[in-house]
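Read the structure below first, then the notes.
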Amino acid sequence: MSTPTSTSSSRRSALPHPKIPLDLPSILHLPEDAVWNLRKSDLRVCFLAIQQYALNPFPLRNPASPSPAAAKIDPERARQIPSNPSALLRLPLEIRQLIYTHLLPLPTSPVRGPHPRQLQNPILLTQLVPSSPLLLNHQIRTEALPFLYGSTSQIIHATVDYNVWLHKTQRTELVLSSAVCSAIRHVHLSIHLGSEKRTTKPEDVEADARISEVKKGIRKFCKWLSGADIRTLKIGWQEPPQTYTWEQKKDILDGIRQMRPVRVEAGEINWGLSWNKGKKFRFDTQYLKELERGRQCQG
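Here you go:
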């Protein structure tokens, strides 16, 4: 029986590893979607090639003349590209987007989505993104994927957890393109600082370390959504009882201001934090309104 570590490593080894052309013209003419699919090692190779050229410039061959790698691919691509666009692609973009919305199934309870390597956990989706239509045509994929992630009924669920060990051992190589991340509009963010009982709550040093990890995770999440126009944000909160003061909670929440959401609501909060209202360990849900874009502009 294989261990989780061996299973995850076998999955990583099964991922396709595209061949990266080492000649500079091929690197400079990589399409955007190919760049987003590059692994870290491939990005380093491309960066070093460009750096070497910047330090020691040399004449580049005519970009119009295909590289040996491109010469092998272009005939196949040429057979795949239709001479005349299909009837769907001849429709106005607004009508095509309306058609894309009908591809989404009805909203359901959150289901597992992709696990971008920038995040600590896989994101959850309220609507599965159908893969079959996205494989039909590059233009359809480019148009539909951001639209499906940004649909009004598509809510992205994400968790920022203090326990980053699982993230470091099981994170994937997947990078969602900036077009997809920028299309996201509705987010449910859960912040998890632990779930111990009061008798086993973390000591001060451990509690402070958890705050540091969660704040780092929030910065990564905000950077991941840096180009998105977030319309609604629902915040959930989980922590051990009588561990974190309101000032500590407020310090964590202030990191979410970078997202500039239009509307912020309280999600699932520890019942004890509501029961402790008026005491130093309470969670003030009214403060979440201070994170809204309108309040920030007024301030």
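The opening residue of the sequence shown carries number 65 in my numbering; numbering runs sequentially from there.
In this text, a Cβ means the ideal position worked out from N, Cα and C, and glycines have one as well.
Just so you know, these numbers come straight off a predicted model, no measurement behind them.
Coil, strand or helix - H221 by DSSP: strand
Starting from G281, trace the alpha helix (DSSP H) both ways and give me its first and last residue. 268 to 288
What is the DSSP secondary structure of V328, reduced to helix, strand or coil? strand
C-alpha distance - Q218 paired with V328, whole-angstrom precision: 17 Å
Run through DSSP, which three-state label would Q115 get? helix
Opposite L188 in the DSSP bridges: which residues? R176, H221
Taking 7 Å as the limit between beta carbons, can you name the residues of its chain near G358, skipping five residues before and five after? none
Can you give the Cα-Cα distance for R176 and V224, rounded to whole angstroms? 16 Å
According to DSSP, simplified to helix, strand and coil, what is H93? Annotated three-state conformation of H93 is coil, per DSSP.
Within the chosen definition, does the region 274 to 290 reach the region 180 to 187 through at least 3 CB pairs nearer than 8 Å? Yes: at least three Cβ pairs fall under 8 Å.
What separation, rounded to the nearest whole angstrom, lies between the Cα atoms of D348 and K280? D348 and K280 have their alpha carbons spaced roughly 22 Å apart.
Suppose the cutoff is 7 Å on Cβ atoms and the five residues either side in sequence are ignored; what does the same chain contact list for K344 look like? T309, W310
Can you say whether V326 is buried or exposed, counting buried as having 16 or more other CB atoms within 10 angstroms of its CB? Exposed is the call here.
Assign Q360 to one of three DSSP states: helix, strand, or coil. helix
Is E303 near V228, with beta carbons less than 7 Å apart? no
Would you mind sorting P139 into buried or exposed? The rule is 16 or more other CB atoms within 10 Å of its CB. Reliability fails at P139, whose pLDDT of 46 lies under 50, so the model's placement of it is uncertain and the value that follows must be treated cautiously. P139 is exposed by the Cβ-count criterion.
May I have the straight-line CA-CA distance separating S290 from I114, to the nearest angstrom? Taking the straight line from one Cα to the other gives about 27 Å.
Do you know offhand how far A292's Cα is from L198's? About 22 Å.
When you compare only the Cα positions, how much space is there between S254 and S90? 42 Å
Distance between S246 and E158 (C-alpha atoms, nearest Å): 19 Å
Distance, A271 Cα to L297 Cα: 26 Å
What number of angstroms, rounded off, separates the C-alpha of T263 from the C-alpha of D318? Rounded to whole angstroms, the gap between the alpha carbons of T263 and D318 is 29 Å.
Exposed or buried, which one is L355 when buried takes at least 16 other CB atoms within 10 Å? buried
Note down, in chain order, each residue of its chain lying with its Cβ closer than 6 Å to the Cβ of R205, except the 5 sequence neighbours on either side. L198
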